[in-house]
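Some notes on the structure that comes next.
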Amino acid sequence: MCTPSAEDRLMVERYYLLGVFGSALALFGLLANGLLATLFLTRAHYRHSPFFFLGFVALFDTLLDATFILILSVPVSAEYFDTYGLFLICLNYMPILYLFGQIFKISSVFCLIMASIERRGALVMTMYFDDVAVRTKCESDDIPTIFLYIHKFVVAPPTDNCFLEKNDVSPMLKV
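Going left to right, the sequence shown walks through residues 1 to 175 as the UniProt record's numbering numbers them.
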């Protein structure tokens, strides 16, 4: 009776975790996010709502799920079933798909951040106090002022010489 080596056991575990379980999750994500992206991006009602950014999150997550299947599931399955030709094909397209996977991941996170900023802006614009809607000043009006301060104190070089000369030292500090 032949006992499998540790490397063979790891390959089997990797196949079941990435090839089977990961592919099933990615296929579910592909289907669900594809439906959400279609809903949020094709309906005119959702184009002018706070859910607009979530449509792009669903789109980029759909693309990320597709790249997961191509980047991880296909090579693991090719190694498990010992199909050398498929493994060589995977090596050819791997760098490009990895690049697109990183782009889709960053784009998804960026859309989530933008959706949060938009929701924050909507919350700041309208506050309810004693059942009366009170309009408040949007904090985005302060953004140019913040950039001017950053430019003045951080980016722009100082106009005056703020370094002390050797003779300008206080008499108490002289040794």
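In this text, a Cβ means the ideal position worked out from N, Cα and C, and glycines have one as well.
Sub-9 Å separation of residue i and residue j beta-carbons
{"i": "Phe-60", "j": "Ser-107", "result": "yes"}
{"i": "Pro-4", "j": "Ala-122", "result": "no"}
Reference residue i, options the options, closest by Cα
{"i": "Cys-90", "options": "Phe-104, Phe-100, Ser-73", "result": "Ser-73"}
{"i": "Asn-33", "options": "Leu-17, Met-11, Leu-63, Phe-53", "result": "Leu-63"}
{"i": "Ser-77", "options": "Leu-18, Arg-43, Glu-7, Leu-97", "result": "Leu-18"}
{"i": "Leu-86", "options": "Leu-99, Phe-53, Pro-75", "result": "Pro-75"}
CB contact below 9 Å: residue i versus chain B
{"i": "Leu-41", "result": "Included in the structure is just one protein chain, with no chain B present."}
Chain-order list of residues whose beta-carbon lies under 6 Å from that of residue i (same chain, five-residue window excluded)
{"i": "Leu-41", "result": "Gly-55"}
{"i": "Arg-135", "result": "In this predicted model, Arg-135 has a pLDDT of only 45, less than 50, meaning its place in the structure is not dependable; the value taken from the coordinates is given anyway. Correct list: empty, nothing qualifies."}
7 Å CB neighbourhood of residue i in its chain, flanking five on each side removed
{"i": "Leu-97", "result": "Thr-67, Leu-70, Ile-71"}
{"i": "Thr-83", "result": "none"}
{"i": "Ser-23", "result": "Ile-69, Ser-73"}
{"i": "Asp-131", "result": "Only weak support is given to the placement of Asp-131: the predicted model assigns it a pLDDT of 42, under 50, and the value that follows is read from those uncertain coordinates. Excluding residues within five positions, none has a Cβ falling inside 7 Å."}
Own chain residues within Cβ distance below 8 Å of residue i, not counting five before or after
{"i": "Met-11", "result": "Glu-79, Tyr-80"}
{"i": "Leu-46", "result": "The question names Leu, yet the displayed sequence has Tyr at residue 46. Around Tyr-46: Leu-39, Phe-40, Phe-52, Gly-55."}
{"i": "Phe-129", "result": "Low per-residue confidence applies at Phe-129: pLDDT is 45, beneath 50, and the placement is therefore not dependable, though the value from the model is reported in the following sentence. Excluding residues within five positions, none has a Cβ falling inside 8 Å."}
{"i": "Leu-112", "result": "Phe-53, Val-57"}
{"i": "Tyr-16", "result": "none"}
Nearest-angstrom beta carbon gap, residue j and residue i [assumed within contact, 8 Å]
{"i": "Leu-39", "j": "Asp-65", "result": "Wrong, their Cβ atoms sit about 17 Å apart, outside the cutoff."}
{"i": "Ala-58", "j": "Ala-37", "result": "4 Å"}
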